[in-house]
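Contents: one structure, followed by commentary.
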Amino acid sequence: MKNVLVVDDEMVLRMLIVDSLEDLDCTVDEAENGMEAIKKINETNYDVMILDYMMPELTGIELLGEIDSDRIKETYVLMLTAKTQEKDQVQAKEAGVDYFMKKPFSPMELYQIVEELIND
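Next comes the structure, spelled out in structure tokens:
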């Protein structure tokens, strides 16, 4: 079974994402901040990570910098954010983000992207 990690400091948004992915054949874990995400990443190999850009303690970009690159080399990273400037997208790509989705987002589009990634 595939593993997905959702990292966002907003509980309601995490619930929406988890609910959006419930029909996929995967396990979905949640973390409310970057520090909690690091603990989960060290315990589980994730196929897909959905990260918020702006979070307390560690931003999504900082989180990627804190993770051993070997630990996530086979992990697709999707950044879900309200930060939509070109420089933010460039910075995200440089940090290892594979997909960049703007908030507000379409739950159906998110489902389709994650489905494609876990079936890759």
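So the sequence shown is numbered by numbering that gives the first Met the number 0: it starts at 0 and just counts up by one. Glycine included, each C-beta is placed from N, C-alpha and C at the ideal position. These numbers come from a predicted model, not from an experiment.
- In summary, Val5 is buried, with 16 or more beta-carbon neighbours lying within 10 Å of its beta-carbon over all protein chains present.
- Shortest Cα-Cα distance from Leu12 to any of Leu62, Asp87, Ala81 involves Ala81.
- Taken atom to atom, the span from the alpha-carbon of Glu21 to that of Ala94 is near 28 angstroms.
- By the C-beta density criterion, Met14 is exposed, having fewer than 16 other C-beta atoms within 10 angstroms.
- Within the model, the alpha-carbon separation for Val89 versus Met0 is close to 32 angstroms.
- In this structure, DSSP gives Lys72 a state outside helix and strand, which the three-state scheme calls coil.
- The distance from the Cβ of Leu109 to that of Val47 is about 11 angstroms, inconsistent with a contact at the 8 angstroms cut-off.
- In the structure shown, Glu29 falls within a strand segment according to DSSP collapsed to helix, strand and coil.
- For Leu62, the enclosing alpha helix (DSSP H) has its first and last residue at 59 to 65.
- For Met34, the three-state secondary structure derived from DSSP is helix.
- Proximity to Lys101 across Gln84, Val113, Lys92, Glu114 peaks at Gln84, based on C-alpha coordinates.
- When DSSP states are grouped into helix, strand and coil, Leu23 belongs to the coil group.
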